[in-house]
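Going left to right, the sequence shown walks through residues 397 to 1025 as the numbering used here numbers them.
This report refers to the structure that appears directly beneath it.
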Amino acid sequence: MTVNQVHGIPRPGRSPEADPSTLSNYANFQITSTNLNFVINFTSKTVSGDVTFQLTAVASTESIVLDTSYLDVHAVSVNDVAQEFTIGERTGALGSPLVISRACAVDEEISVHLVFVTTSRCTALQFLEKSATDGKKFPYLFSQSEAIHSRSLFPCFDTPALKSPYTMSVTSSLPAVMSGLPQGDGENTETVGEKVYRFTQPVPIPSYLVALASGDIQKLPVGPRSHVYCESPNLKRCQHEFDGDVEKFLEAAEKIVFGYEWKQYDVLILPTAFPYGGMEVPNVTFATPTIVTGDKSNVDVVAHELAHSWAGNLVTNCSWEHFWLNEGWCVYLERRILAEVHGDAVRDFMAIIGWYDLANAIKAMGESATRFSCLVQDLKDGSDPDDAFSVVPYEKGSTLLYYIETLLGKQKFDPFIPFYFNKFKYKSLDTYQFLDTLYDFFSDDHEVLDQINWDSWLYAPGMPPVKPDFDTTLADQCYQLAARWHTAIVEGAKFTELFSLDDLKVLDGNQSVVFLETLIAFNKQDGFVWAHHRDALEALDEIYGPKYSHETNAEVLSRWYFLQVGGHNHKFYEKLGRWLGTVGRMKFVRPGYVTLNKVDHDMAVKYFLEFESGYHPICQAMVRKDLAL
Ligand code: BES
Ligand code: ZN
């Protein structure tokens, strides 16, 4: 019996389901290996290169179709014979298909070689001027390809459904890293001052994991199989932040799943403009500099990216419609790692934060929640996967796995984790294969699994149908302090008699986030409006300002500003505006401008225009939308 017959869940005729976000004919091929060579030109702000795919046709086909986007392709050859090709019309975010009219018979092995150069419209690259780096002495380049930006960096089958091992190189006047294991320290080239840096990636990876960065990058060890890379002036500070913790996380993950297969696990701290918290580039996680706080309070981001070494990088979603298999599983593992290192209460505390993040995000979606708050996405109309991106796959996905774990019992569920990751390693799968594997593995427990309202979990918009019983110990301390403030404000009590800086002694960074979020959430509940309680905001500043106004933890500092500015405390408008010039992570930049915009549109626009050139192109576009520019 298949799961769909038991539950009446509609599913496609074949699994893994076809990827609607590629224009390539990837389903006709397997890739045996890929050789990819980049040359960085910091003056023209382009990357040129060539790529060779060793392909085996798994179905006969009249042509080879690859993805490109705003990319100049100069030459194509198949088995060393020059080949005609055409670049088709652009189809929105999906880009332009590159069609090579070369028939392939089943089982035929061919080698396809392409020569290309990126254009100024490349969405995967950000070139930074010297002034936008920390050291201010050298330019910098980084790439960010997830979900479908690889096609603007090199012609490829840009789908997570197809994987290949790689050999890679990048020629640059500055040190460079790529998504693989470095081979030596860089060889001199004929061009003065340039070196070629070589990498291998023996584990098959999809195109979206290919990445490069180059700048004044140096590394120091932070564990037996780990380094931190960053701009040279920051080396000591970054080493201190991560020293020891990375290995702890790796060992915890290995206990939960199985041995780390990629050998080396390094972290690259990027310049401010990096738009995400982190990106799971194989062997070298790319991370925002906001996690280098000086007190290790944000190293948990590393637990997430490292968990992708299993969830996402070894076992991959077959299309962006099944993105929760990457991110939901990853958050689930991340919190299991945190439980190993910091205890179960921390795991549940993070899950509670996630639950409220999810509720806030779905509320903020408005009308579009009908579509974007479903766990399994529908991108068959050619929509941009970036538009469907939200916390839903992260939090609904991880909550589903948590719920399955609690229904079966942790003891029973745990062996499923290595089984699943082993079964699908080096492969890409859809939600239905996950379900079948779950039902097969727990063949004696179908009654338990059938309690799960799959239809609702997978396809219904809104919050999950069930909220698991989370341990609220750590969250309660935050709620209680917030509730005391609420009462004091409503009753008009004297704040300095009731509260002191010591209140914060028992709260760690994440708890401060929850405390501040709870305060923010009082707004417009039961007639409470922060803007009517400016005295309370002033008192909060007087009592807690000595700590919160000097926060190095951006998670805390951002909420502190959002509370004060959201409550119309003018004193904080300029502070928030200026702070937005020091961060590039979209998680902070976007709500920052939105908050400022609500109280002072002109000031929000003024600061945005001042800092815009320092933001990543994707971030620029998002904030422009947010501010209706
Ligand atoms: N893979 C994501 C980042 C991503 C997703 C980039 C989709 C582009 C498109 C990464 O693993 C991630 O989830 N990063 C989070 C941090 C994490 C601690 C939840 C982020 O950037 O906020
Ligand atoms: Zn992730």
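The beta-carbon is built from N, C-alpha and C at its ideal position, and this holds for glycine as well.
Note that the structure is a prediction, hence the values are computed from the model and not measured.
Contact check, residue i vs residue j, beta carbons under 8 Å
i: aspartate 826; j: serine 420; result: no
i: threonine 529; j: glycine 611; result: yes
i: lysine 823; j: threonine 833; result: no
i: valine 508; j: threonine 448; result: yes
i: tyrosine 536; j: valine 573; result: no
i: isoleucine 436; j: valine 472; result: no
i: asparagine 722; j: leucine 605; result: no
i: serine 954; j: phenylalanine 984; result: yes
i: phenylalanine 425; j: phenylalanine 553; result: yes
i: tyrosine 562; j: isoleucine 601; result: yes
i: serine 492; j: serine 548; result: no
i: glycine 948; j: threonine 684; result: A quick correction: the sequence has threonine, not glycine, at residue 948. Not a contact, by the Cβ cut-off of 8 Å.
i: leucine 494; j: valine 511; result: no
i: leucine 992; j: glycine 973; result: yes
i: isoleucine 1091; j: alanine 649; result: The structure shown does not extend to residue 1091, since the chain spans only 397 to 1025, so no value can be given for it.
i: glutamate 791; j: aspartate 846; result: no
i: glutamate 542; j: methionine 675; result: yes
i: threonine 712; j: proline 556; result: yes
i: phenylalanine 785; j: valine 695; result: no
i: tyrosine 656; j: leucine 646; result: yes
i: serine 429; j: serine 622; result: no
i: alanine 1000; j: tyrosine 1011; result: no
Alpha-carbon spacing of residue i relative to residue j, whole angstroms
i: alanine 453; j: glutamine 773; result: 29 Å
i: tyrosine 1086; j: tryptophan 720; result: Nothing in the structure corresponds to residue 1086, since the chain is present only between 397 and 1025.
i: glutamate 938; j: aspartate 872; result: 24 Å
i: serine 945; j: valine 952; result: 10 Å
i: tyrosine 969; j: threonine 766; result: 34 Å
i: alanine 735; j: glutamine 614; result: 32 Å
i: lysine 808; j: phenylalanine 550; result: 45 Å
i: glycine 962; j: glycine 576; result: 44 Å
i: isoleucine 405; j: serine 764; result: 23 Å
i: threonine 398; j: lysine 776; result: Summary for threonine 398: the model assigns pLDDT 48, below 50, so the residue's position carries little reliability, and this model does not support an answer.
i: aspartate 841; j: asparagine 849; result: 15 Å
i: proline 416; j: proline 629; result: 44 Å
i: isoleucine 813; j: phenylalanine 654; result: 9 Å
i: cysteine 726; j: serine 568; result: 34 Å
i: leucine 854; j: leucine 771; result: 5 Å
i: histidine 545; j: leucine 877; result: 45 Å
i: serine 565; j: leucine 631; result: 25 Å
Neighbourhood of residue i by C-beta distance below 6 Å, restricted to the same chain and skipping five residues each side
i: alanine 932; result: Ile885
i: valine 788; result: Ser769
i: alanine 456; result: Here the sequence assigns serine to residue 456, which means alanine is not the residue at that position. Around serine 456: Ala501 and Val502.
Environment of residue i [buried if 16+ CB atoms lie within 10 Å]
i: threonine 587; result: exposed
i: lysine 994; result: exposed
i: asparagine 475; result: exposed
i: lysine 890; result: exposed
i: histidine 966; result: exposed
i: glutamine 921; result: exposed
i: arginine 517; result: exposed
i: valine 477; result: exposed
i: valine 443; result: buried
i: valine 909; result: buried
i: arginine 1020; result: exposed
i: serine 603; result: buried
i: threonine 686; result: buried
Same chain, Cβ closer than 8 Å to residue i, neighbours up to 5 away in sequence not counted
i: alanine 741; result: Asp867, Thr869 and Leu870
i: lysine 644; result: Val737
Distance cut-off 7 Å: residue i Cβ against heavy atoms of the ligand ZN
i: cysteine 634; result: no
i: glutamate 791; result: no
i: histidine 704; result: yes
i: cysteine 726; result: yes
Residue i: CB within 7 Å of a non-hydrogen atom of the ligand BES
i: valine 886; result: no
i: histidine 700; result: yes
i: alanine 543; result: yes
i: tyrosine 1011; result: no
i: phenylalanine 645; result: no
i: tyrosine 798; result: no
i: phenylalanine 895; result: no
i: phenylalanine 785; result: yes
i: tyrosine 855; result: no
Any non-hydrogen atom of the ligand SAM closer than 7 Å to residue i Cβ
i: methionine 675; result: As for the ligand SAM, it is missing from this structure, which binds only the ligand BES and the ligand ZN.
Contact set for residue i: own chain, Cβ-Cβ below 7 Å, skip 5 residues either direction
i: phenylalanine 837; result: Phe812 and Phe815
i: histidine 396; result: Absent from the structure is residue 396, since the part of the chain shown begins at 397 and ends at 1025.
i: tyrosine 875; result: Thr914
i: histidine 718; result: Val772, Asp826 and Thr827
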